[in-house]
Amino acid sequence: SLQAGAQTGTVSCVVKDLYLSQAIPGAFIEFNGKDTLRADDHGSFVLPVRRNESMLVFITAFGYAPKYAMVVNLGLPVNIFLEAVNYQTNAIQVRGLYNGKNLFKTPGSIATLVTRDIQRNNQIDLQNTFNLLPGVRIELRNINTSARIILRGYGNQNNINGIGYKAYYNDIPLTEADGTTNLDDIDFATLGRVEVFRGPVSSIYGTGIGGVVNLLSEKAPDGVTLRQSLLTGSNGLFRTTTSVGIGNTKTNILFSYGQQKTDGYRLQNYSKKDFWDMNATLYNSPRSTISVFAQYTKSNDALSGFVDSTGLINYPDTSELNYIRNNSHSELESIRLGLSHEYAFSRLLSNKTTFFIGIQEIGQAISTILTKTNKNTFGIRSAFIYTPRIGNVDMRVTLGMEGTKNIIYQKSYNLNNGALGSLRTDLELKPMQWNIFSMLELTLAKNTLMVFSASSNFITYDNEDLRASGNGYVNQSGFRVFKPLITPRWVVNHLISKYVSVYSNYSMGYAQPGTNQFIIAQTGKVNDEVGPEISNTFEVGTKASLFKQSLNLDFAFFNMDVTNKLVTQTFAASGGQPAYIAFVNAGAVNFTGLELMMNYALLPKQGFISLVRPFLSYTYNGSRNSDLKSDNNNNSATKDYSNLRVSGIPRNVFNAGVDLEAGNGFYANLTDMFQDRMPINLDNTVYADSYNLVNVKAGYRHSFGKDHISKFSLDVFWGSNNLFNTRYAQFVLINLVPIGGQAPKYFTPGPRSTLYGGLTVRYLFK
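Under the numbering used here, the first residue of the sequence shown carries the number 80, and numbering increases by one thereafter.
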């Protein structure tokens, strides 16, 4: 039961989003079997309950699952938490940019994945869920590791993981100070909510031209619960998760332990992972909320390498010979800790501060190189929010800062048939990135929102080369303070009617060079000229919720110019200095596209079927090189790629699906994902083929209990990914150059048709 209260005879309650702890305005409350109330704009309402007595209430709100809750008056305020559903989606609250606003009133291209979306597949192959969103693509270099997220086509040009976007996990930045993002220690099976902001939001989050991804761990349901989940499937897949949860008006704590393994679908392709995590939120008072997150991950993933186009079609289960000879693999041991405190000084002023640390030990053997890395991360994010009203204008002022620092020790060695060879590199890296941000929101006449925001961004790189000197040795040490970069953003959102809105925005973003790109290898000198890539984006869009919010529509058109693209330039020897190659900012690329997302929810009040939800998304990306050359030498060997398509980006992506639920507990999910062919080299002469992936899942879900309180719940399911056995690449290396007359190995083959089945049981102790 939910315990709280106010004065004798009444109890004050607030309806909140389970994951965001934000008030849900306008919720409907039924009690005494016939009486009704409606929560105000702050989610608050008062119930007539005597001291030490209880009342069963039924709460509904657009965008959220209806819920029965037992309210007990113990003289304290009551929090009642609702979980979002994936229909009436524009009514769901958003955490990231504009707290307290739903998707419909939030300007910009924002998509959410709620628990129902995440459970549409087996939960560990998250690309099958993420890739249904417009403008979003996850690619995996290996079966369950080395994921990179590409937003609006930006982020795959360097063929490494996680470039050009910012990621957070329970308010903890996953993106390192050098702008790279590694998701290998994230347990996708325990995610409860995901928010994706497409397009630059550097004005609030710092680095990231593609956008921002917020990952939130699942929350405990009401009461003291024990949950056991089991998943098994093709290629030796086995996953078990044990969770213990405590959920009430004052506390939400969830402990989870997961074991996951698979033999893989290729040679040298096994994976084994262990996850421990705790996600706790303590609602100390109406003014104070403390959140604690702790995670430990240990994993060992074999690496298979890549195949050429012939291997993709005829031998997708093979591995590169050097990867087998050297037992190529990636070992990871990781700890992440985060502590957040949100405090309301008054109704007008509040602050949220998050401290975080991370420790990672990574051993990675790739082909003929072994790299050992010890990475330490720490930082802080803090924001003050002030919400005055001046005349008829509601204002919201945000002022904050975020800082991240890494201390990284990294050594690499030669490998030959599994035998350790000579030392290649010995580096100590200390990148640091921090920013100061501000945002002003003005609500005019209750139907127009104007937002002005900007951040000042500071980057420092400190590399120390610890190798012993010798013949041909060039020390790669260097220190660089980049010029501060100011990134503005402005937004206008207007409500044409109660359920139709239009918006436009301009935003500037940046993506800094890597720690290996500001030192000139041949001379060991710092390259003081190289700087971040810069983006300027203009976007217009509309959102609509029609037919009692059953039909939800989101449409966006964007034009993003990325300048200062990094290319190489060769400099001739002079004055005793050898010839050298350096990165320079000399290219320009244009990303123009449109994104569409639609879903319709039919909720019959009678009959066998209780939900029919068809949905679709479409992405068009007409990206082209505005001014891009193979190098900045401008000689006879220089190739001009201007006006050609940007490699690695499909022109069209279309997704469709349907969710079905029956009143007796049976359900089914069907999705079809189409990706167009795309060029994968700079001169557009080699293409990756188009493909269709069909995934299906069906199951039975039921809760057992009395008085509308679930005592025991059961979910049994079966599914198939890539139902029709399509041959496709789940990861593509781009812009490779043939060596020795051999065709480049561009592709990581995707799994062939797989089956899986599982069971989840949950028991409520009290």
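Note that the Cβ used here is the ideal one computed from N, Cα and C, for glycine as well.
Bear in mind the structure is a predicted one, so any value in this text is a computation, not a measurement.
Asked                                                                                                          : Found
Distance cut-off 8 angstroms: ARG366 Cβ against heavy atoms of the ligand ZN                                   : Inclusion of the ligand ZN in the displayed structure is not the case, the ligand content being empty and no account of it being possible.
Selection from ALA118, VAL90 and PHE137 that minimises the alpha carbon distance to PHE110                     : PHE137
Endpoints, the alpha helix (DSSP H) within which SER388 is located                                             : 388–393
Close Cβ partners of MET676 (< 6 angstroms) along its chain, the five nearest in sequence each way excluded    : PRO213, ASP633 and SER696
C-alpha distance - ASN664 paired with GLN648, whole-angstrom precision                                         : 10 angstroms
Terminal residues of the alpha helix (DSSP H) in which ASN401 lies                                             : 400–404
Span of the alpha helix (DSSP H), counted from its first residue to its last, around TYR835                    : Per DSSP, TYR835 belongs to no alpha helix (DSSP H); it is in the beta strand (DSSP E), 833–843.
Pairwise C-alpha distance: PHE107 and LYS95                                                                    : 13 angstroms
Cβ pair count under 8 angstroms reaching 3, the region 768–777 against the region 795–815                      : yes
Per-residue DSSP class, three states only, for PHE597                                                          : coil
For ARG130 and GLN86, the rounded distance between their alpha carbons                                         : Because the pLDDT of GLN86 is 47, which lies under 50, any placement of that residue in the model is unreliable, and the question is left without a value.
Ranges of the alpha helix (DSSP H) found wholly within the region 192–238, counting only runs of at least 4    : 194–197 and 206–209
Nearest-angstrom Cα separation, counted from ASN595 out to PHE602                                              : Residue 602 is actually Thr in this sequence, not Phe. Each residue's Cα considered, the two are about 14 angstroms apart.
Residue environment, ALA658, which counts as buried when at least 16 other CB atoms sit within 10 Å            : exposed
Where ILE818 falls, given that 16 or more other Cβ within 10 Å makes a residue buried                          : exposed
Collapsed DSSP secondary structure at ASN801 in the structure displayed                                        : coil
Secondary structure of GLY84, DSSP reduced to three states                                                     : Reliability of the predicted coordinates at GLY84 is poor, the pLDDT of 42 falling under 50, and no value is obtained from them.
Whole-angstrom C-beta distance between PRO611 and PRO592, which should lie under 8 angstroms                   : 7 angstroms
Buried versus exposed call for ALA680 [16 or more other C-beta atoms within 10 Å across all chains shown]      : buried
Cβ-Cβ distance between TRP513 and THR483 below 9 angstroms                                                     : yes
THR450 (DSSP reduced to helix, strand or coil)                                                                 : strand
Residue environment, ARG468, which counts as buried when at least 16 other CB atoms sit within 10 Å            : exposed
Outcome for ARG345 when other beta-carbon atoms lying within 10 angstroms are tallied against a minimum of 16  : buried
Residue burial classification, GLN821 (beta-carbon count within 10 angstroms, cutoff 16)                       : exposed
Entirely enclosed alpha helix (DSSP H) segments - the region 340–397, minimum 4 residues                       : 388–393
Alpha-carbon to alpha-carbon, LEU155 and LYS329                                                                : 10 angstroms
Alpha-carbon spacing of PRO828 relative to ASN238, whole angstroms                                             : 16 angstroms
Alpha carbon of ASP607 to alpha carbon of ILE598, nearest angstrom                                             : 9 angstroms
GLN307 classed as buried or exposed, judged by whether at least 16 other C-beta atoms fall within 10 angstroms : exposed
ASN393 versus VAL386: straight-line alpha-carbon distance, rounded                                             : 10 angstroms
Where PHE267 falls: helix, strand or coil (DSSP)                                                               : helix
TYR284 - DSSP class collapsed to helix/strand/coil                                                             : helix
Contained beta strand (DSSP E) runs [length at least 3] in the region 725–794, N- to C-terminal order          : 731–741, 745–754 and 770–785
Three-state class that DSSP yields for SER123 in the structure shown                                           : strand
Outcome for TYR552 when other beta-carbon atoms lying within 10 angstroms are tallied against a minimum of 16  : exposed
Inter-residue spacing [alpha-carbon to alpha-carbon] between ILE325 and LYS351                                 : 29 angstroms
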